[in-house]
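In our numbering, the protein residues as written are 3 to 487. Backbone N, C-alpha and C define an ideal beta-carbon position, used for all residues, glycine too. None of the values given here were measured: they were computed from a predicted structure.
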Amino acid sequence: LLLEYVDLTQSAESKPPEGLVSTALNIFRTAFETFPTSLTLRFNFVRAALHFGDEADIEQAITIAKQTVDANPTALRITPLDDVMSWDYCQPFFNYRDYLQIVTEALAEKTNRSDDLKSLILASLRLYLARVTGEPGHLAHAVRLDPSYSVYRLEFAKELSQHRDTAQQAADLLIDVIPECFFAAEAWYLLQRLKSAHGVNIPNENELAALVAGLENKSLLGENYAGIRAGPYFNRLRLSLSRNVSGYEVRKAPRETRSVRLSILLADTNGSRYPNLLKSLEDQSLPREDYELICGETFDQIPTSMMEAADTAIVLGQSEILYNRNVAFNLGLTAASGRYIAIFAQDVSLTAEALTEILDSLESVNSKSTVYVNDRATGAPEDTHFICLRRDLCIAAGGLDESTYYSAMLGGPHELVERLIRRRLQIKTTTHVPAVSRNDLLPSKERVSSLYRELWTESFSPYARMPLRENSAIALLRANLVDTT
């Protein structure tokens with residue numbers, strides 16, 4: 003029943019039959035009440051309830067999980083043939099690979115490996131408890147029980163990164179996680195924040211940087227994945243699990259709605275992207291009440307400096323091999339209240355008059371047809387990282403493209419600029435937002451995105467005016483757009 007639910011909810015449009023999850027959970031309840039010492043029955047119920055249950059299910063699951071991890075392991079029973087669901091069932095939360103290997107060896111060699119199997123399940127339960135309760139200590143236990151699984155080390159590093167005196171310990175864990183590739187980007191950007199904030203030692207930094215750059219430039223997820231990214235199943239693998247029905251969490255919001263001249267949109271990656279920009283915003287001549295700062299955190303770590311500076315802070319929890327910053331930018335666009343929006347994809351230091359000058363210039367010309375971009379921008383990903391325009395113009399153009407072709411280092415407003423040029427808007431550069439020399443982009447001929455442009459030229463028509471994949475919330479805003487000229 004649960005696997006059927008997973009299959010049915012891997013799409014944003016699908017609606018599974020009512021009662022399917024509650025029926026499955028009731029079966030699990032009956033099972034572990036009948037066999038209270040069975041570790042796998044407890045494990046299956048806890049996972050199902052935390053990912054797919056309601057509040058009552060969640061509270062019961064937390065109680066069962068705590069009782070289980072606190073129990074004497076010798077009192078818990080497990081056999082190699084116990085069913086722990088299939089590998090594609092909420093896979094980031096459990097070390098299926100090592101579990102299956104131990105099961106295979108135990109059956110083939112006719113040996114008792116129950117202690118090893120118990121350790122892997124108890125480690126997973128510790129991760130769940132850390133995620134849903136926020137209690138410290140669980141992740142340290144998870145790493146001790148299953149030290150080879152990178153998810154536990156990454157999550158433990160996040161916990162350690164909150165304190166200066168454990169920052170180097172967090173960095174050491176992250177340095178080991180990055181070469182394992184699947185969580186390389188998330189670990190790398192947290193490591194970069196720790197280096198900037200605490201000066202942690204990274205002995206093989208150049209090697210790791212090259213690995214991450216290669217991964218981001220030479221990897222591409224299928225477009226079908228982008229289609230299911232917002233589905234109910236994927237939402238319940240993020241952040242607060244079954245409590246997460248939107249795909250994101252608002253960590254900070256304005257106390258009251260207010261109209262501003264400008265909304266500044268950021269898409270951060272574990273708090274690593276914008277130290278210089280935040281500092282220069284403090285010195286702007288534009289009065290603070292005239293603009294709002296909206297930060298969309300692509301992963302889930304927002305540093306104190308950003309939380310204090312931002313009016314709105316939203317986390318997406320994209321723990322996946324190719325994150326998509328454009329999703330965070332679009333989320334900021336939907337939340338923006340300004341007549342104008344400014345999108346910053348790179349960390350730059352602004353002149354003190356930058357925001358004032360750009361806004362005054364837009365308001366003095368026909369802002370219905372004028373867009374400002376950074377100095378020396380041409381619309382290419384190598385040189386275009388900033389855009390300022392009317393919010394309704396951005397919505398009318400479909401916002402930023404959420405296609406997988408614009409994942410990772412290719413996220414940002416450059417493709418929007420190309421489409422605005424096709425809409426015959428006037429693109430002006432401003433020296434108030436400097437050019438950036440990017441070292442994360444390989445030459446275009448070496449990027450997998452260039453290969454796909456050659457293979458599927460019809461997807462990248464030089465006449466396209468809308469994104470390949472439009473955010474559904476942006477599409478709704480566009481459908482209800484009122485001409486304000």
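query	result
Does DSSP put Ile-397 in a helix, a strand or coil?	helix
Which residues in the same chain as Thr-486 place their Cβ atom closer than 7 angstroms to its Cβ, once the five residues preceding and following it in sequence are excluded?	The predicted position of Thr-486 is uncertain, since its pLDDT is 44 and thus under 50; a value taken from the coordinates is nonetheless stated next. Hits under 7 angstroms: Asp-394.
Just verifying my parser: in three-state terms, what is the DSSP assignment at Thr-487?	Residue confidence is low: Thr-487 scores 41 on pLDDT, short of 50, so the model does not pin down where it sits. Its coordinate-derived value is still stated next. Coil, per DSSP.
Can you pull the DSSP bridge partners for Ser-265?	Glu-294 and Ile-343
Within 8 angstroms, do at least three Cβ pairs link the segment 274-282 to the segment 182-202?	yes
Phe-158 and Leu-175: beta carbons closer than 8 angstroms?	yes
Is it true that the CB of Ala-26 sits closer than 8 angstroms to the CB of Leu-43?	no
On the CB-based measure, 16 or more other CB atoms within 10 Å of its CB, does Gln-303 come out buried or exposed?	buried
Looking only at its chain, what residues have a beta carbon closer than 7 angstroms to the beta carbon of Ala-437, apart from the 5 residues adjacent to it on each side?	Asn-376, Asp-377, Arg-378 and Asp-385
For the beta strand (DSSP E) containing Ile-316, name the first residue and the last one.	314-317
Look up Lys-430 in the DSSP assignment and give the residues it is bridged to.	Tyr-374
What are the boundary residues of the alpha helix (DSSP H) that Arg-49 is part of?	41-54
In the DSSP assignment, find the unbroken alpha helix (DSSP H) run with Lys-254 in it and report its ends.	First-last for Lys-254: 251-254, but that is the beta strand (DSSP E), not the alpha helix (DSSP H).
Is it buried or exposed for Lys-160, if we count other Cβ within 10 angstroms and need 16 for buried?	buried
Within the continuous alpha helix (DSSP H) that includes Ile-64, where are the two ends?	57-72
Using the Cα positions of Arg-426 and Pro-415, report the straight-line distance between them to the nearest angstrom.	17 angstroms
State the beta-bridge partners of Phe-388 as determined by DSSP.	Phe-346
Can you grab the Cα-Cα spacing for the pair Gln-428 / Asn-97, in whole Å?	53 angstroms
In the DSSP assignment, find the unbroken alpha helix (DSSP H) run with Ala-132 in it and report its ends.	116-135
Evaluate Val-252 with the Cβ neighbour count: other Cβ atoms within 10 Å of its Cβ, from every protein chain shown; 16 or more gives buried, anything less gives exposed.	exposed
Go ahead and label Phe-37 buried or exposed: buried means 16 or more other beta carbons lie within 10 angstroms of its beta carbon, across all protein chains shown.	exposed
Hey, how far is the Cα of Ser-24 from the Cα of Gly-55?	7 angstroms
Near Ile-397, which residues of its chain fall below 8 angstroms by C-beta distance, leaving aside the five closest residues on each side in sequence?	Leu-335, Ile-476, Leu-479, Arg-480 and Leu-483
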